[in-house]
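When you read off a place in the sequence shown, starting at 1, and then add 43, the result is the number in this note's numbering. Worksheet for the structure shown next.
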Amino acid sequence: MAPRNSTNDRLRTTLALLAAHQAAGTVVAPSELMAQAVAEVPFDEKESELLAGGVPRGFKALTTATSKLVKAGWLVKGRSGWTATDEGVRAVRAFTDSDHFVNAMISGAPVPEVAPDAPVHAPVAPEQLGEEAQAAQAAEIEVDPTEVAQAKAALAEDPTPPDVTPTLELVPDAAPSAGASDGAPSDDAWHDQPQSVALSGDFDPLFGEAGHWSSDLRELQLTYDAAGNVWLQTLELPAGTYQFKILVNGSWEENYGRFGVRDGANHELHLLSDTSVTFRFDFATKDIETS
């Protein structure tokens with residue numbers, strides 16, 4: 044008998060947990076959501092092996108697999124977090140076996156209608172429940188908090204998460220960001236800003252090896268513009284594709300990816316020709332624009 048695919052189990056569990064949080068009206072960060080899935084379906088020895096950047100092999104596989112949920116129309120990765128679509132919720136109910144769930148996801152098979160009382164989601168980790176619910180499920184679920192912490196730390200430390208299917212397109216000069224007022228910003232606006240903001244990514248074509256996911260390259264540091272209350276940097280980039288994230292205060296401890304999500308997926312920028320690109324980072328929204 045072939046070994047069961049644990050990534051499939053974790054992928055279904057991730058969407059199931061998200062559906063459960065939505066039904067309960069609670070919000071959970073993507074990194075926390077996947078950490079919960081790992082807690083429910085722990086890594087085996089092979090999956091626990093650390094890849095470059097200190098990320099477990101199994102966590103990398105799960106991060107990559109979530110892009111397939113998006114392609115199937117079962118998951119939306121938005122500015123404020125992830126959302127399970129109605130079809131995604133029905134898929135969790137209809138396909139209780141994770142391998143059948145993944146096969147339907149990949150093949151695009153229609154999701155059958157299911158009765159309202161069908162199972163909605165996988166068990167929720169005890170630390171996500173209220174005290175009474177924790178007591179009721181304590182005998183059924185055992186979650187090692189160390190595994191949750193390690194999984195969350197691993198996602199935070201990974202400089203190159205692979206889920207980069209959506210792209211960041213070049214846009215015209217935008218109106219003032221959400222963090223700026225219609226008039227001049229307050230003289231005290233800078234008090235809410237970090238000490239430094241930097242780009243980090245695969246800028247090797249411009250800076251060589253020093254530009255490969257650097258955390259301290261001077262040329263990739265952004266400058267605070269008090270008038271617009273944003274951080275700016277302009278680079279003359281050769282044609283090509285670039286993946287990058289935003290580092291705050293010179294460390295991967297606080298980094299922002301696509302849609303301003305902390306520890307989120309990489310931004311991706313496609314250039315058909317050599318282009319002067321201005322990066323604008325709004326610390327209020329944690330998102331970035333290019334022009």
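Heads up, the beta-carbon is just placed ideally off N, CA and C, and yes, glycines get one too. None of these values were measured; they are calculated from a predicted model.
Pairwise C-alpha distance: residue j and residue i
i       : j       : result
Leu-105 : Ala-66  : 23 angstroms
Ala-152 : His-313 : 32 angstroms
Asp-330 : Phe-302 : 6 angstroms
Phe-324 : Arg-55  : 34 angstroms
Trp-295 : Gly-254 : 16 angstroms
Ala-179 : Thr-328 : Summary for Ala-179: the model assigns pLDDT 45, below 50, so the residue's position carries little reliability; its value from the coordinates is reported in the next sentence. Each residue's Cα considered, the two are about 39 angstroms apart.
Ala-59  : Glu-311 : 28 angstroms
Lys-89  : Gly-300 : 28 angstroms
Thr-321 : Ser-150 : 40 angstroms
Glu-252 : Phe-138 : 46 angstroms
Val-71  : Ser-49  : 22 angstroms
Arg-53  : Val-154 : 20 angstroms
Ser-319 : Leu-275 : 13 angstroms
Glu-69  : Leu-263 : As written in the sequence, residue 69 is Thr, which differs from the Glu given in the question. Straight-line Cα distance between these residues: approximately 37 angstroms.
Phe-86  : Asp-247 : 34 angstroms
Val-273 : Tyr-267 : 6 angstroms
Cβ-based burial, residue i [other Cβ within 10 Å; buried from 16]
i       : result
Pro-99  : buried
Leu-76  : buried
Leu-259 : In the sequence under discussion, the amino acid at residue 259 is Asp, which differs from the Leu named in the question. The residue is exposed, with fewer than 16 neighbouring Cβ atoms inside 10 Å.
Pro-73  : buried
Ala-269 : exposed
Ser-334 : exposed
Ser-257 : buried
Leu-93  : exposed
Leu-265 : buried
Ala-127 : buried
Thr-109 : buried
Val-119 : exposed
Asp-306 : buried
Beta-bridge pairing of residue i - partner residues as DSSP gives them
i       : result
Glu-311 : Gln-286
Pro-281 : BP columns for Pro-281 are empty, so no partner.
Phe-350 : Outside the displayed span of the chain (44 to 334) sits residue 350, for which this structure offers no information.
Trp-125 : Lys-120
Lys-268 : Note that residue 268 is Asp in the sequence shown, not Lys. Looking at the DSSP assignment, Asp-268 forms a beta bridge with Val-273.
Leu-93  : Pro-99
Arg-305 : Tyr-299
His-255 : Asp-245
Which of helix, strand or coil DSSP assigns to residue i
i       : result
Ala-241 : strand
Ser-27  : Nothing about residue 27 can be read from this structure; the chain reaches only from 44 to 334.
Ser-319 : strand
Pro-153 : coil
Ala-80  : helix
Stretch pair the region 238-245 + the region 288-305: three plus CB contacts closer than 8 angstroms: yes
Three CB pairs or more closer than 8 angstroms across the region 106-119 and the region 78-89: no
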